[in-house]
Amino acid sequence: MTDRTKRSELFPGEQLIETNGLPVLAYRRTGLAATPLVVFLTGGGILARIAYGHPDGNAHDFLDHWLADLGWGLIAASYPCDHPLFDQLGAGLQLDTWARMQAVLVAEAIDMYGQRPIVAAGWSMGGRLVFALTRALRQHGLRLDCFVSLCGTPPFPRLTKEETPPERLLPNGLWDLASGRRDGTSRDERWLAELAVAAKREGRAVISPSAFADAYRVNVPHGLWGPELEPYFGNEPQQDRLNSLLLAGSFSGEDYPVCAAIVPLDRSDFRHALSDQAVWGEITVKGLVNNRMNAGAIVGLSEEQWAWLREFVIESPKRLTRYLSGGHFFFVGETGAKRTADLLRELHTEVVRLEGMLIECQMSPQ
Numbered sequence: 317m318t319d320r321t322k323r324s325e326l327f328p329g330e331q332l333i334e335t336n337g338l339p340v341l342a343y344r345r346t347g348l349a350a351t352p353l354v355v356f357l358t359g360g361g362i363l364a365r366i367a368y369g370h371p372d373g374n375a376h377d378f379l380d381h382w383l384a385d386l387g388w389g390l391i392a393a394s395y396p397c398d399h400p401l402f403d404q405l406g407a408g409l410q411l412d413t414w415a416r417m418q419a420v421l422v423a424e425a426i427d428m429y430g431q432r433p434i435v436a437a438g439w440s441m442g443g444r445l446v447f448a449l450t451r452a453l454r455q456h457g458l459r460l461d462c463f464v465s466l467c468g469t470p471p472f473p474r475l476t477k478e479e480t481p482p483e484r485l486l487p488n489g490l491w492d493l494a495s496g497r498r499d500g501t502s503r504d505e506r507w508l509a510e511l512a513v514a515a516k517r518e519g520r521a522v523i524s525p526s527a528f529a530d531a532y533r534v535n536v537p538h539g540l541w542g543p544e545l546e547p548y549f550g551n552e553p554q555q556d557r558l559n560s561l562l563l564a565g566s567f568s569g570e571d572y573p574v575c576a577a578i579v580p581l582d583r584s585d586f587r588h589a590l591s592d593q594a595v596w597g598e599i600t601v602k603g604l605v606n607n608r609m610n611a612g613a614i615v616g617l618s619e620e621q622w623a624w625l626r627e628f629v630i631e632s633p634k635r636l637t638r639y640l641s642g643g644h645f646f647f648v649g650e651t652g653a654k655r656t657a658d659l660l661r662e663l664h665t666e667v668v669r670l671e672g673m674l675i676e677c678q679m680s681p682q
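Letter 276 of the sequence shown, counting from 1, is numbered 592 in the numbering used here, and no numbers are missing.
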């Protein structure tokens with residue numbers, strides 16, 4: 317058996333399916349009826365296997381094991397890319413289409429097993445899907461209970477202009493994840509360093525460098541980064557800025573769900589450690605004001621209800637944030653994976669509490 321043939325084998329629980337004319341690597345575990353269904357939105361350059369692991373690994377090191385322990389379900393889909401599993405690269409795949417493809421998987425699960433809460437967990441670049449996924453689920457008559465950032469990149473076009481685009485494309489049209497550098501290091505250097513930290517914490521290998529290269533690491537359809545105001549990749553044409561803003565839907569508030577965040581504590585991921593509570597909290601507050609508040613209902617509140625509502629909304633970014641030791645891969649390794657599952661449950665409970673308060677104040681979803 318050649319190395320490429322071995323790498324083309326599916327892991328237990330995986331299916332290679334076609335949606336919107338493109339292949340998707342889908343992992344679907346039902347969980348118990350009426351418990352939340354987690355939709356894991358993977359980041360750039362790493363398959364969604366990072367949420368459920370590889371056969372030679374320890375299941376306890378991955379989030380899926382601990383979600384199953386809670387009875388929760390999981391959908392973790394990987395985009396078409398240059399991994400040998402796929403017979404199409406999907407180089408032209410765009411963010412909105414990818415969101416619709418994942419919404420189809422969620423709708424199928426709901427149709428088959430019944431209504432249940434839907435919780436999206438967006439890791440790294442997966443955070444850029446939040447508005448598009450909210451729209452796509454709505455087209456199926458489904459509502460996202462909440463989005464939880466796991467070091468999620470927010471879905472806003474960058475406002476900085478650089479002399480040269482920071483990223484480049486491979487000849488096959490995919491985003492070359494090995495090309496970009498930040499703070500003097502490459503992504504692969506940072507990722508392997510994160511996995512080494514997880515191994516040190518657990519006292520054993522979690523994902524070895526060879527397993528990471530064979531089973532997880534890929535290059536990405538560049539459209540999954542989403543609309544930008546300036547060229548993000550080398551040789552891209554100048555952007556139509558107005559169209560980019562309209563496509564991103566970043567500032568309307570219409571597609572803003574309730575957002576929570578599990579935030580890393582380590583300085584290795586200082587950008588997320590310092591900003592995630594504020595960034596995702598802003599989306600939550602703006603979404604609540606835009607989609608749940610109306611003047612008639614506000615006027616009808618008693619002074620006590622108004623004071624309660626005001627305090628609850630203002631404090632919601634803090635209420636919906638939890639902090640966890642680790643860096644960008646804090647949910648990998650037994651310690652982080654178990655704690656992440658527990659915090660997802662805590663945050664969902666907090667969201668249910670928020671929804672109950674809004675219903676009591678007669679603020680129904682619009």
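Glycine included, every Cβ here is placed at the ideal spot set by N, Cα and C.
Distance check for L458 and L636, CA to CA, integer angstroms please. Computed Cα separation, rounded: 22 Å.
8 Å Cβ shell around G360 - same chain, five flanking residues per side excluded: Contacts found: S440, M441, W491, L493, V536, L540 and W541.
For L616, which residues from the same chain have a beta carbon less than 8 Å from its beta carbon, with the 5 sequence-adjacent residues on both sides left out? According to the sequence displayed, residue 616 carries Gly and not Leu. Shown here for G616: same chain residues with a beta carbon closer than 8 Å to its own, the five before and five after excluded, namely Q678 in chain order.
Helix, strand or coil at L348 according to DSSP, with G and I counted as helix: Three-state DSSP puts L348 in coil, outside helix and strand.
For G329, count neighbouring C-beta atoms within 10 Å of its own C-beta (all shown protein chains included) and say buried if the count is 16 or more, exposed if not. Exposed, because fewer than 16 other Cβ atoms sit within 10 Å of the Cβ of G329.
Can you tell me where the alpha helix (DSSP H) with Q331 in it begins and where it stops? Per DSSP, Q331 lies in no alpha helix (DSSP H) segment; the continuous beta strand (DSSP E) that holds it begins and ends at E330 to T335.
Within 10 angstroms of the Cβ of M317, are there 16 or more other Cβ atoms? Answer buried if so, exposed if not. Here the model assigns M317 a pLDDT of 44, short of 50, so the residue's position is not dependable and the matter cannot be decided.
Within the continuous beta strand (DSSP E) that includes W541, where are the two ends? From DSSP, W541 is part of no beta strand (DSSP E); its letter is neither H nor E.
In three-state DSSP terms, what is P573? The DSSP-derived three-state label of P573 is coil.
In the region 359-430, which residue ranges form an unbroken alpha helix (DSSP H) of at least 4 residues, counting only runs that do not cross its ends? Taking only runs of at least 4 residues, the alpha helix (DSSP H) segments lying wholly in the region 359-430 are 379-386 and 411-429.
Straight-line Cα distance separating V464 from A576: Computed Cα separation, rounded: 5 Å.
So what's Y343 in DSSP terms, helix, strand or just coil? Y343 falls in the strand class under three-state DSSP.
If you draw a straight line from the C-alpha of L460 to the C-alpha of P433, how long is it? The alpha-carbon of L460 is positioned some 8 Å away from that of P433.
Taking all protein chains shown into account, decide if E627 is buried (16 or more other Cβ within 10 angstroms of its Cβ) or exposed. By the neighbour-count criterion, in which a residue is buried when 16 or more other Cβ atoms sit within 10 angstroms of its Cβ, E627 is exposed.
When the Cα atoms are used, what is the spatial distance from D530 to R497? C-alpha separation (whole angstroms): 22 Å.
Whole-angstrom C-beta distance between D385 and G649, which should lie under 8 Å: Not quite, the Cβ-Cβ distance comes to about 16 Å (not below 8 Å), so this is no contact.
Extent of the continuous alpha helix (DSSP H) to which S591 belongs: Per DSSP, S591 belongs to the alpha helix (DSSP H) from F586 to N607.
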